[in-house]
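Down below is the structure, laid out as structure tokens.
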Amino acid sequence: MANAEREERPERPAESDGTAHLFRALGKQIKVLRERAGLSQRDLGLASHCGEDLISAMERGVRTPQPDFLGRADQVLDAGGVLRAAVDEVREALSRTRTRHPDWFRDYARVEADAVALHIYSTQAVPGLLQTEDYARAVFTQRRPLLDEQTIEKRVADRMDRQRIFDRWPAPTFSYVLEEAVLERPIGGQAVHRQQLQRLLSAGRMRTVELQVMTTDREEHPSLDASFTLLTPKGRQEAAYTETYGHARLITDPEEVRVFSERYGIIRSRALTPTESLTLIEKMLGER
């Protein structure tokens, strides 16, 4: 229960190292430049491919201006490089805040970052490593009890930063089995849902990733309990990870891990093949 309470308590992730002050100051600069240019928040949002609410949140310092936004806004606002000049500092600030996951998740995040193999079975939502930024933001925004804006943005940044694991070489071995319901649930709305399906399609086509779908018409299923992850840390034996309502378990006992490994093998055998799974996603996108 204590872990769950820590998960839901709003965090001020960047207060201790001063990065929150940087983001607030940058937000004020964006507002001054926007008003000088005679643009409304809606105008700037349309011109920089952002929502009006996001512009408002950035100007108030509760959402982080991303480097690509700063480049676009600098041009739209005729800022003469003022915003673009802050890109390196923003990237550095983001890298500093992204190292602080919630306490209950931190141990797993460290192990995941160095893993040589990751095998993930998901029943409720797209796994974090495969989520788009908008999908992740919708997940955290809808969570109850409500998280504050800064915490939401930190969690999104953390999740996006973890995805750098796909850029490693030699690359880890990845496999995913997603319940079909995960693909059907339009978290964040239809536009976000479509973007997320396209992300799954892209990931499933990577040489290092095998993506499978467990369809709901299967009459036999070896694991109706919950999602889980099997991972192999560099130089160590395979481990298992489970998470329920913020209560996490990183399991290293060989006998317990064997049970999860056996279940995962049977799940994969009952799921659609990777090729069939990608075809299903293409059909959902109307590409077949």
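Residue numbers (numbering that gives the first Met the number 0): 0 to 287.
C-beta: ideal position from N, C-alpha, C; glycine also.
DSSP on residue i, reduced to helix/strand/coil?
i	result
M205	coil
T251	coil
H20	helix
P66	helix
L279	helix
G26	helix
T274	helix
H48	coil
L200	helix
D224	coil
E34	helix
I54	helix
G264	helix
D42	helix
R193	helix
R257	helix
A84	helix
D73	helix
E286	coil
E218	coil
R269	helix
Hey, residue i and residue j are a contact pair by Cβ (cut 8 angstroms); roughly how many whole angstroms apart?
i	j	result
V176	A270	5 angstroms
P232	A114	6 angstroms
Y134	Q195	5 angstroms
L21	E88	7 angstroms
T122	A225	6 angstroms
L223	P273	Going by Cβ atoms, the distance from L223 to P273 rounds to 23 angstroms, so no, they are not a contact pair.
G70	R90	That pair is no contact at about 12 angstroms.
L289	L199	Coverage of the chain is limited to positions 0 through 287, which leaves residue 289 absent and any answer about it impossible.
R193	L277	Contact doesn't hold; Cβ gap of about 16 angstroms is too wide.
M213	E179	6 angstroms
L249	D160	Their Cβ separation, rounded to whole angstroms, is 20 angstroms, which puts L249 and D160 out of contact at 8 angstroms.
T303	A112	Because the chain spans 0 through 287 in this model, residue 303 falls outside it and cannot be assessed.
Residues in the same chain with beta-carbon distance under 7 angstroms from residue i, minus the five sequence neighbours each way, listed in chain order, please.
i	result
R62	L53, A56, E148 and E152
D77	A36
E219	R269
Y263	H118, Y120 and L229
P221	R262, I265 and I266
T65	The sequence given here has Gln at residue 65, not Thr. Answer for Q65: no residue qualifies.
F227	Y120, A239, Y240, T241 and F259
K30	E58
R217	R269
F68	S47 and C49
G187	D133, Y134 and A137
P126	I119 and Y175
Tell me which residues share the same chain as residue i and place their Cβ nearer than 6 angstroms to its Cβ, disregarding the 5 neighbours each side in the sequence.
i	result
E51	Q40, R41 and G44
V75	A46 and S47
G60	F22, R23 and G26
D73	L82 and R83
T251	A238
L32	L76 and A78
R206	none
Sort out for me which residues DSSP pairs residue i with in a bridge.
i	result
H246	T243
E178	M213
L230	L117 and A238
Considering only residues of the same chain and omitting the five flanking positions on each side of residue i, which have a CB-CB separation below 8 angstroms?
i	result
V86	P66, L69 and G70
I280	L182, L196, L199, L200, G203 and V212
D166	none
P185	V191 and H192
E255	A239
D163	It should be noted that the sequence gives Arg, not Asp, for residue 163. For R163, where only same-chain residues beyond five positions count, there are no Cβ hits under 8 angstroms.
Should residue i be counted as a contact of the ligand PLP given a C-beta to heavy atom distance under 7 angstroms?
i	result
Q162	The model on display carries no ligand, and the ligand PLP is accordingly not part of it.
Could you name each continuous beta strand (DSSP E) segment of 3 residues or more that falls completely within the region 87-174, going from the start of the chain to the end? 114-121
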